[in-house]
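Undergrad: Counting with UniProt numbering, you get residues 1 to 318 for the letters of the sequence shown.
Cβ atoms here follow ideal geometry from the backbone N, Cα and C, with glycine treated the same way.
After the structure tokens below, expect a handful of questions from me.
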Amino acid sequence: MQGRKILVTGGTGQVARPVAESLAEDNEVWCLGRFGDLAARKALEARGVRTATWDMATDELGEVPRDFTHVLHSAVHRGDGKDFEEAARINAVATARLMTHCRSAESFLYVSSGVVYNRADRTHRYRESDPLGGAAPWLPTYPVAKITAEGVVRGLAEALSLPAVIARLNIAYGPYGHGGVPMILFKEMRGGQPCAVPREGQNYCNLLHTDDVVRQVPLLWAVARTPARVVNWGGDEEVGITDLLEHMSALTGVPVRLDRNDYSRETAIFDHDVRRSLIGDCSVGWRTGIARTLAALFPEYRDRIDAHVDAHKAASSN
Numbered sequence: 001m002q003g004r005k006i007l008v009t010g011g012t013g014q015v016a017r018p019v020a021e022s023l024a025e026d027n028e029v030w031c032l033g034r035f036g037d038l039a040a041r042k043a044l045e046a047r048g049v050r051t052a053t054w055d056m057a058t059d060e061l062g063e064v065p066r067d068f069t070h071v072l073h074s075a076v077h078r079g080d081g082k083d084f085e086e087a088a089r090i091n092a093v094a095t096a097r098l099m100t101h102c103r104s105a106e107s108f109l110y111v112s113s114g115v116v117y118n119r120a121d122r123t124h125r126y127r128e129s130d131p132l133g134g135a136a137p138w139l140p141t142y143p144v145a146k147i148t149a150e151g152v153v154r155g156l157a158e159a160l161s162l163p164a165v166i167a168r169l170n171i172a173y174g175p176y177g178h179g180g181v182p183m184i185l186f187k188e189m190r191g192g193q194p195c196a197v198p199r200e201g202q203n204y205c206n207l208l209h210t211d212d213v214v215r216q217v218p219l220l221w222a223v224a225r226t227p228a229r230v231v232n233w234g235g236d237e238e239v240g241i242t243d244l245l246e247h248m249s250a251l252t253g254v255p256v257r258l259d260r261n262d263y264s265r266e267t268a269i270f271d272h273d274v275r276r277s278l279i280g281d282c283s284v285g286w287r288t289g290i291a292r293t294l295a296a297l298f299p300e301y302r303d304r305i306d307a308h309v310d311a312h313k314a315a316s317s318n
């Protein structure tokens with residue numbers, strides 16, 4: 001992608017930051033965010049990204065240009081877990097302001113989440129047409145924020161004739177920011193904290209490495225349409241969270257303590273037929289991606305990780 005003018009919201013997040021930095025090499029990229037992390041803002045600007053402060057709850061976009069060709073909206077007000085009205089209003093109004101401001105764009109990509117699905121079966125492969133109404137005991141306002149914003153994107157895509165795609169993200173991870181859910185879990189392991197898993201079986205997900213995030217964003221823009229298109233967005237492989245924890249333990253030597261209870265953080269696995277038909281497969285396997293991410297964010301384990309990976313390759317070739 002070259003010579004385009006791109007607007008990215010949520011500029012320091014797990015999705016937005018690597019996308020912005022990569023696209024800034026050949027395009028004019030603007031990033032909007034609260035930028036509580038000043039180091040991340042400076043890092044973006046060092047890569048040629050133009051930044052502007054935007055508080056979704058209060059700020060309009062008067063000083064921001066309108067002539068963007070592509071928009072990636074990943075910023076979200078997750079809420080405090082209690083005020084559902086505030087979460088719905090802020091996400092709806094901010095998304096409406098953004099789409100109206102950028103109504104002349106060629107493509108608008110909204111990053112939603114698998115949390116919107118009514119998840120009743122951890123082994124079910126959720127399709128884009130499955131029932132919505134997700135629950136998140138760890139942050140009850142989050143599903144409301146995402147579902148509300150999805151509704152705004154659907155409505156304004158048609159009202160403004162703005163081609164749009166709603167990408168329901170699974171779990172993104174990689175060597176940016178806090179590294180995503182897998183690295184949050186690894187920090188718990190390092191601290192000797194027990195990691196919550198179900199009493200029986202496992203929670204499953206589709207881990208998506210940021211290399212694939214960066215590669216696939218322009219592909220998703222290319223399939224935007226009116227009415228808005230909905231696409232599940234996750235990695236090709238189905239990963240059990242318990243398997244993930246044990247793999248990170250094997251790579252680093254850090255022991256994992258499993259806390260089997262009824263309150264583990266629920267995840268979901270996706271049916272990827274729609275995504276595969278539109279933009280193809282992913283390129284980074286989860287085991288390789290996790291090893292690379294751990295080595296990048298926790299260099300003290302790099303030698304052990306490299307030795308483990310080499311031994312696995314040798315065993316596989318015999």
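At the level of alpha carbons, what is the spacing between residue 240 and residue 144?
TA: 26 Å
Undergrad: Since residue 33 and residue 75 are thought to touch, with beta carbons under 8 Å apart, how far apart are those beta carbons, to the nearest angstrom?
TA: 6 Å
Undergrad: Secondary structure at residue 5, three-state DSSP: helix, strand or coil?
TA: strand
Undergrad: Would you list the residues sitting across from residue 77 in a DSSP beta bridge?
TA: None; residue 77 has no bridge partner.
Undergrad: Given a cut-off of 8 Å on the beta-carbon distance, is the pair residue 244 and residue 175 in contact?
TA: No, the Cβ-Cβ distance between residue 244 and residue 175 is not below 8 Å.
Undergrad: Which same chain residues end up closer than 6 Å to residue 285 when comparing Cβ atoms and leaving out the 5 residues on each side of it in sequence?
TA: none
Undergrad: What residue range is occupied by the uninterrupted beta strand (DSSP E) comprising residue 39?
TA: Run containing residue 39: none in the beta strand (DSSP E); it sits in the alpha helix (DSSP H), 38-46.
Undergrad: Under the three-state reduction of DSSP, which class applies to residue 217: helix, strand or coil?
TA: Taken through DSSP and simplified to helix, strand or coil, residue 217 comes out as helix.
Undergrad: Starting from the N-terminal side, write out each stretch of the alpha helix (DSSP H) that is 4 residues or longer and does not extend beyond the segment 141-203.
TA: 141-159, 181-190
Undergrad: Just checking my contact of residue 268 with residue 117 at CB under 8 Å: how many whole Å lie between their CB atoms?
TA: That pair is a contact at about 6 Å.
Undergrad: Thinking C-beta only, is residue 70 closer than 8 Å to residue 6?
TA: yes
Undergrad: When the Cβ atoms of the segment 103-110 are set against those of the segment 162-173, are three or more pairs found closer than 8 Å?
TA: yes
Undergrad: Would you mind reading off the limits of the beta strand (DSSP E) that contains residue 230?
TA: 229-233
Undergrad: CB residue 161 to CB residue 226, shorter than 8 Å?
TA: Yes.
Undergrad: Please give the ranges of any beta strand (DSSP E) in the segment 223-310, keeping only runs that are unbroken, at least 3 residues long and fully inside the region.
TA: 229-233, 258-261
Undergrad: If we ignore side chains and look at the alpha-carbon of each, how far apart do residue 212 and residue 93 end up?
TA: Taking the straight line joining both Cα atoms gives about 30 Å.
Undergrad: Taking its Cβ as the centre, do 16 or more other Cβ atoms sit within 10 Å of residue 216, making it buried, or is it exposed?
TA: buried
Undergrad: Leaving aside the five residues before and after residue 97 along the sequence, list all residues of the same chain whose C-beta is less than 7 Å from its C-beta, in chain order.
TA: 60, 61
Undergrad: Tell me the residue span of the beta strand (DSSP E) that contains residue 28.
TA: 28-33
Undergrad: Name the two residues that bound the continuous beta strand (DSSP E) containing residue 52.
TA: 50-53
Undergrad: Per DSSP, which one or two residues make a beta bridge with residue 316?
TA: The partner list for residue 316 (beta bridge, DSSP) is empty, contrary to what the question assumes.
Undergrad: DSSP beta-bridge partners for residue 108?
TA: 71, 164
Undergrad: Mapping the DSSP letters down to three states, classify residue 89 as helix, strand or coil.
TA: helix
Undergrad: What is the C-beta distance between residue 302 and residue 295, in whole angstroms, given that I count them as a contact (C-beta under 8 Å)?
TA: 5 Å
Undergrad: Select from 219, 91, 139 the residue whose C-alpha is nearest the C-alpha of residue 77.
TA: 91
Undergrad: Kindly indicate which residue of 186, 146, 126, 193 has the alpha-carbon position closest to the one of residue 204.
TA: 126
Undergrad: Are residue 53 and residue 35 close, meaning C-beta to C-beta below 8 Å?
TA: yes
Undergrad: Run the CB neighbour count on residue 123, radius 10 Å, all protein chains shown included, and call it buried at 16 or more, exposed below.
TA: exposed
Undergrad: What residue from 95, 29, 55, 271 has the CA that sits closest to residue 152's CA?
TA: Selected option, being the one with the closest Cα: 95.
Undergrad: Does DSSP classify residue 207 as helix, strand or coil?
TA: If DSSP states are grouped into helix, strand and coil, residue 207 belongs with the strands.
Undergrad: If I follow the unbroken alpha helix (DSSP H) through residue 16, where does it start and stop?
TA: In the DSSP annotation of this structure, the continuous segment of the alpha helix (DSSP H) that includes residue 16 starts and ends at 16-23.
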